[in-house]
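For the protein sequence lines, the chains are A and B, in the order given. Taking my numbering, the leading residue of the first sequence gets 132, the next gets one more, and so forth. Taking my numbering, the leading residue of the second sequence gets 3, the next gets one more, and so forth.
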Amino acid sequence: MIKRNKVKDNGLYGIYLVGCKGCTVTENNLLNCSVYTFKYLETIFRKNKITNNYYSMKDTNILGWQKIFGEMQILAYFESTWEVSIKTYDKNPSTNPI
Amino acid sequence: MRLQRYALFLVVLTVLVIPTNTYAYTQESSGISIWYVGGAGAGNLTSITDAVLQASNKDVIQVYPGTYYENIVVNVSIKLTSVQGYHDTIIDGNQTGIPLIINADDCEISGFTIKNPGDSFEHISCASLRADSCNFSNNMVVMKKVYHADTKSAVEAAEGTNNVISDNIIVLDHHNPLIESGVLVRDNAYNTEIKRNNISKFAIGVKVERKCNDTRVFKNHIYNNSNAIISYGNKCNISQNILYNNTWWFIALLKK
Numbered sequence: 132m133i134k135r136n137k138v139k140d141n142g143l144y145g146i147y148l149v150g151c152k153g154c155t156v157t158e159n160n161l162l163n164c165s166v167y168t169f170k171y172l173e174t175i176f177r178k179n180k181i182t183n184n185y186y187s188m189k190d191t192n193i194l195g196w197q198k199i200f201g202e203m204q205i206l207a208y209f210e211s212t213w214e215v216s217i218k219t220y221d222k223n224p225s226t227n228p229i
Numbered sequence: 003m004r005l006q007r008y009a010l011f012l013v014v015l016t017v018l019v020i021p022t023n024t025y026a027y028t029q030e031s032s033g034i035s036i037w038y039v040g041g042a043g044a045g046n047l048t049s050i051t052d053a054v055l056q057a058s059n060k061d062v063i064q065v066y067p068g069t070y071y072e073n074i075v076v077n078v079s080i081k082l083t084s085v086q087g088y089h090d091t092i093i094d095g096n097q098t099g100i101p102l103i104i105n106a107d108d109c110e111i112s113g114f115t116i117k118n119p120g121d122s123f124e125h126i127s128c129a130s131l132r133a134d135s136c137n138f139s140n141n142m143v144v145m146k147k148v149y150h151a152d153t154k155s156a157v158e159a160a161e162g163t164n165n166v167i168s169d170n171i172i173v174l175d176h177h178n179p180l181i182e183s184g185v186l187v188r189d190n191a192y193n194t195e196i197k198r199n200n201i202s203k204f205a206i207g208v209k210v211e212r213k214c215n216d217t218r219v220f221k222n223h224i225y226n227n228s229n230a231i232i233s234y235g236n237k238c239n240i241s242q243n244i245l246y247n248n249t250w251w252f253i254a255l256l257k258k
C-alpha cells in the first residue's frame with residue numbers, strides 16, 4: 132500500500148513499481164514526477180491498483196485517465212532481455228492535490 | 003538512642019541537601035534505579051558502558067552532555083536517555099565497530115547524536131536494533147564516510163519484531179553517497195515502524211529487505227537521497243511521507 136505520500140521533484144520517477152503484486156497506489160500527490168511500472172513476464176497478471184492520485188504533470192487520454200508508462204520484460208535469453216513498452220492508466224486521477 | 007537519632011538526622015540531611023545526581027544512581031520506590039553518566043555529580047559514572055553493565059532490567063540511564071567514545075552493547079532492558087538532547091550528547095564510535103547495539107527487548111534510546119562507526123564488520127551501522135519492542139527516537143545519526151562492509155546503514159532493525167524508529171534526524175555527511183541506507187530493515191525483522199524521521203543524502207533513504215514483512219513507513223521526510231524508499235518486504239505500508247529532490251526515484255518494490 133502506497134498511500135497519501137507527497138512525492139515532489141524526484142529526478143526520474145515518483146513511484147516506480149517493479150514486480151509488484153496486489154499493490155495499491157492511491158491518494159498520492161505526484162508533483163513534477165510520474166509513476167512508472169516495470170513488469171516481468173511472470174507478473175503479467177498481477178493486479179496492481181493505481182487510482183485516485185494527483186498528478187501535476189497531466190498526461191491523459193480522451194477519457195481523462197492518467198497514462199502510466201512502463202516496460203514489460205517479455206523474453207530473457209542468455210544475458211539479454213526483450214522489453215516492450217506498456218501503458219496502463221489511473222482511471223480516476225484526482226483533479227486537485229490531496 | 004541519641005546516637006540513633008544523630009544517625010537518622012544525618013541520613014535525612016543527606017537526602018535533602020545533596021542533589022540526587024551526586025550518586026552514580028538513585029533508586030525509585032518502584033525499585034527502578036536511575037544511573038547518571040557524565041556531568042558534575044561527584045559519584046556519576048564516566049562511561050555509558052559502565053552504567054549499562056551495572057544496570058538491571060527497567061533501569062534508567064541518564065547521560066549528561068559530552069562526547070562518549072564508546073561501542074555500547076545493551077544486554078538489559080533499559081531506558082537510555084540524554085539529559086539535554088542530542089545536540090550536546092554524543093556517542094562516537096571512534097571508527098571502531100558499531101557505536102550502539104541493542105540486544106535486549108523493550109529498550110528505549112533517545113536524545114543522542116550517534117556517529118562514527120568503524121569499517122571492520124559485515125554489517126556497519128551507527129545504531130543496530132537486534133531485539134524486540136525497542137524504541138529508538140529523537141536522535142541524530144550521522145554517517146561521515148563511505149564504508150566497505152556488505153551492508154551499511156545509519157540505523158538498522160535486524161531480526162527483531164515490533165521495533166519503532168521515530169523522530170530521528172538521519173543524515174549522510176559525505177559528498178559521495180554510494181550504497182549506504184539511512185534506515186535498513188533486514189534479516190526477517192517483522193512489524194517495524196519507521197515514522198516521522200528526517201532522512202537525507204543517502205543512496206537509499208529507507209530500505210526494507212526481503213522477508214521483512216509488515217513494515218510501516220509513514221510521515222517521514224525523505225529528501226536529497228538517490229532513492230527515497232526501496233521495499234522488498236511483503237505487506238509494506240508506505241503512507242503520508244513527503245519525498246522530494248531524490249535524484250532517481252521513490253521505489254516501492256513490493257511482492258505479495
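All C-beta atoms in this analysis are idealised placements derived from N, C-alpha and C, irrespective of residue type, glycine included. If you're wondering where the values come from, they're calculated on a predicted model, not measured in any experiment.
8 Å Cβ cut-off: residues of chain B touching residue i
{"i": "residue 188 of chain A", "result": "Per Cβ cutoff of 8 Å: no residues; residue 188 of chain A is ~15 Å from chain B at best."}
Proximal residues to residue i (C-beta, below 6 Å), its chain only, five neighbours per side dropped
{"i": "residue 56 of chain B", "result": "none"}
{"i": "residue 173 of chain A", "result": "Below a pLDDT of 50, predicted positions are generally treated as unreliable, and residue 173 of chain A, at 45, falls in that range; no measurement from the model is reported."}
{"i": "residue 149 of chain B", "result": "121, 126"}
{"i": "residue 66 of chain B", "result": "40, 41, 85"}
{"i": "residue 106 of chain B", "result": "76, 77, 78, 79, 133"}
{"i": "residue 229 of chain A", "result": "158, 160, 185"}
{"i": "residue 239 of chain B", "result": "218"}
{"i": "residue 213 of chain B", "result": "190"}
Contacts around residue i, its chain only, beta-carbon distance under 7 Å, and the 5 residues preceding and following it disregarded
{"i": "residue 178 of chain A", "result": "153"}
{"i": "residue 159 of chain B", "result": "131, 165, 167, 187, 191, 194"}
{"i": "residue 161 of chain B", "result": "132, 189, 190, 191"}
{"i": "residue 184 of chain A", "result": "156, 157, 158, 159, 161, 221, 224, 225"}
{"i": "residue 116 of chain B", "result": "93, 101, 102, 128, 129, 141, 143"}
{"i": "residue 186 of chain A", "result": "161, 197, 224"}
{"i": "residue 136 of chain A", "result": "159"}
{"i": "residue 182 of chain A", "result": "157, 221, 222, 223"}
{"i": "residue 60 of chain B", "result": "34, 79"}
Selected residue, minimal CA-CA separation from residue i, among the options
{"i": "residue 141 of chain A", "options": "B/224, B/119, B/84", "result": "B/224"}
{"i": "residue 183 of chain B", "options": "B/217, B/47, B/201", "result": "B/201"}
{"i": "residue 73 of chain B", "options": "B/53, B/89, B/86, B/41", "result": "B/53"}
{"i": "residue 172 of chain B", "options": "B/245, B/59, B/96, B/207", "result": "B/207"}
{"i": "residue 91 of chain B", "options": "B/50, B/247, B/222, B/231", "result": "B/50"}
{"i": "residue 205 of chain B", "options": "B/64, B/77, B/155, B/70", "result": "B/155"}
{"i": "residue 151 of chain B", "options": "B/124, B/176, B/163, B/175", "result": "B/124"}
{"i": "residue 202 of chain A", "options": "A/190, A/147, A/164", "result": "A/147"}
{"i": "residue 2 of chain B", "options": "B/146, B/241, B/47, B/174", "result": "Missing from the structure shown is residue 2 of chain B; chain B here goes from 3 to 258 and no further."}
{"i": "residue 174 of chain B", "options": "B/70, B/153, B/145", "result": "B/145"}
{"i": "residue 132 of chain A", "options": "B/135, B/216, B/83", "result": "B/216"}
{"i": "residue 235 of chain B", "options": "B/226, B/211, B/26, B/246", "result": "B/211"}
{"i": "residue 30 of chain B", "options": "B/62, B/119, B/157", "result": "B/62"}
{"i": "residue 157 of chain B", "options": "B/196, B/163, B/32", "result": "B/196"}
{"i": "residue 226 of chain B", "options": "B/233, B/176, B/237", "result": "B/176"}
{"i": "residue 32 of chain B", "options": "B/45, B/58, B/26, B/46", "result": "B/58"}
Chain A contact residues for residue i, given Cβ-Cβ distances below 9 Å
{"i": "residue 240 of chain B", "result": "132, 133, 134, 136"}
{"i": "residue 105 of chain B", "result": "The contacting residues do not exist; residue 105 of chain B stays about 32 Å from chain A at best."}
{"i": "residue 205 of chain B", "result": "None at all; the shortest Cβ gap to chain A is about 13 Å."}
{"i": "residue 159 of chain B", "result": "Neighbours of residue 159 of chain B on chain A: none; closest Cβ ~20 Å, over 9 Å."}
Beta-bridge partners of residue i, as assigned by DSSP
{"i": "residue 159 of chain B", "result": "B/131, B/187"}
{"i": "residue 7 of chain B", "result": "Paired residue(s): none; residue 7 of chain B is not in a bridge."}
{"i": "residue 220 of chain B", "result": "B/197, B/241"}
{"i": "residue 110 of chain B", "result": "B/81, B/137"}
{"i": "residue 68 of chain B", "result": "B/91"}
{"i": "residue 200 of chain A", "result": "A/167, A/218"}
{"i": "residue 29 of chain B", "result": "B/35"}
{"i": "residue 134 of chain A", "result": "A/157, B/241"}
{"i": "residue 143 of chain B", "result": "B/116, B/172"}
{"i": "residue 229 of chain A", "result": "Paired residue(s): none; residue 229 of chain A is not in a bridge."}
{"i": "residue 125 of chain B", "result": "B/153"}
Residues that residue i contacts on chain A, provided the C-beta gap is smaller than 7 Å
{"i": "residue 42 of chain B", "result": "Within chain A, no residue comes near residue 42 of chain B; the closest Cβ sits about 46 Å away, beyond 7 Å."}
Contacting residues, own chain, Cβ-Cβ under 8 Å from residue i (five flanking each side not counted)
{"i": "residue 243 of chain B", "result": "219, 220, 221, 222, 223, 224, 230, 231"}
{"i": "residue 138 of chain A", "result": "145, 146, 159, 160, 161, 162, 164"}
Proximal chain A residues relative to residue i, where beta-carbon distance stays under 8 Å
{"i": "residue 53 of chain B", "result": "Within 8 Å Cβ-Cβ: nothing; residue 53 of chain B doesn't reach chain A, min ~40 Å."}
{"i": "residue 133 of chain B", "result": "Under the 8 Å cutoff, chain A gives no residues; its nearest Cβ is about 27 Å from residue 133 of chain B."}
If you pair each beta-carbon of the region 192 to 201 of chain A with each one of the region 210 to 229 of chain A, do three or more pairs fall below 8 Å?
Of all C-beta pairs linking the region 192 to 201 of chain A to the region 210 to 229 of chain A, three or more are shorter than 8 Å, placing the two stretches in contact.
So does the region 101 to 121 of chain B actually touch the region 134 to 153 of chain B, counting three or more Cβ pairs closer than 8 Å?
yes
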